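Participant: One structure, as structure tokens, below. Some questions next.
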Amino acid sequence: MRRRRDAGMATAEIAMALPALVLVAAIVLWGETVASVRLACSDAARSGARAAARGESLSAVRSLVERAVPRGARVTVRRDGEASRVEVAVPVPPPVAAGLPALTVTARAVAATEPGADSVPATDLSP
Numbered sequence: 003m004r005r006r007r008d009a010g011m012a013t014a015e016i017a018m019a020l021p022a023l024v025l026v027a028a029i030v031l032w033g034e035t036v037a038s039v040r041l042a043c044s045d046a047a048r049s050g051a052r053a054a055a056r057g058e059s060l061s062a063v064r065s066l067v068e069r070a071v072p073r074g075a076r077v078t079v080r081r082d083g084e085a086s087r088v089e090v091a092v093p094v095p096p097p098v099a100a101g102l103p104a105l106t107v108t109a110r111a112v113a114a115t116e117p118g119a120d121s122v123p124a125t126d127l128s129p
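Numbering (the numbering used here), first residue to last: 3 to 129.
Now the structure itself:
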């Protein structure tokens, strides 16, 4: 038999635990988003470095990379005589606007520049 003073305690306990569960779920979803963005950035940087190493124009490489990553990404493309480098940085904002800063996901890729690709002017396409 239940005592009268315990009536409603389950409701109060759920009301206290529910915000914590929602916060944990939001953090888990943010972690999954960060992992997904990291994968997209890595793939885009590798593809861009390969394209730059083959001799694609650096503006075409930058465009290729920007299409593969989320908006707001900072893409840097460099090519010298020996290597082609691509760096992608994307801010991932937290799920709850609690004054927390965005987490910046960065990916870099380097590919050896192929012979003949040096004829394309070596430039730096930084934002």
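Glycine included, each C-beta is placed from N, C-alpha and C at the ideal position. Here the structure is a predicted model, which is why all the values come from computation and not from measurement.
So if DSSP puts THR106 in a beta bridge, which residue, or which two residues, is it bridged to?
Facilitator: The residue you call residue 106 lines up with position 104 of the sequence shown. In DSSP, THR106 forms a bridge with PRO93.
Participant: Within the continuous alpha helix (DSSP H) that includes VAL24, where are the two ends?
Facilitator: Sequence index remark: in the sequence shown, residue 24 carries index 22 (1-based). Residues 11-56.
Participant: Using 10 angstroms around the beta-carbon of THR115, count the other beta-carbons present and answer buried if the total reaches 16, otherwise exposed.
Facilitator: Counted from its first residue, the sequence shown places residue 115 at position 113. It counts as buried.
Participant: Can you tell me where the alpha helix (DSSP H) holding VAL63 begins and where it ends?
Facilitator: Numbered from 1 along the sequence shown, position 61 holds the residue referred to as residue 63. First-last of the alpha helix (DSSP H) with VAL63: 60-70.
Participant: For SER65, count neighbouring Cβ atoms within 10 angstroms of its own Cβ and tell me buried if that reaches 16, exposed if not.
Facilitator: Your numbering for residue 65 matches position 63 in the sequence shown. Looking at its Cβ environment, which holds fewer than 16 other Cβ atoms inside 10 Å, SER65 is exposed.
Participant: How far does the beta strand (DSSP E) with VAL79 in it extend, from its first residue to its last?
Facilitator: Walking along the sequence shown from the start, residue 79 turns up at place 77. Segment 76-81, the beta strand (DSSP E) holding VAL79.
Participant: Rounded C-beta distance between LEU60 and VAL39? I'm assuming under 8 Å.
Facilitator: By 1-based counting over the sequence shown, the position of residue 60 is 58. By 1-based counting over the sequence shown, the position of residue 39 is 37. Wrong, their Cβ atoms sit about 24 Å apart, outside the cutoff.
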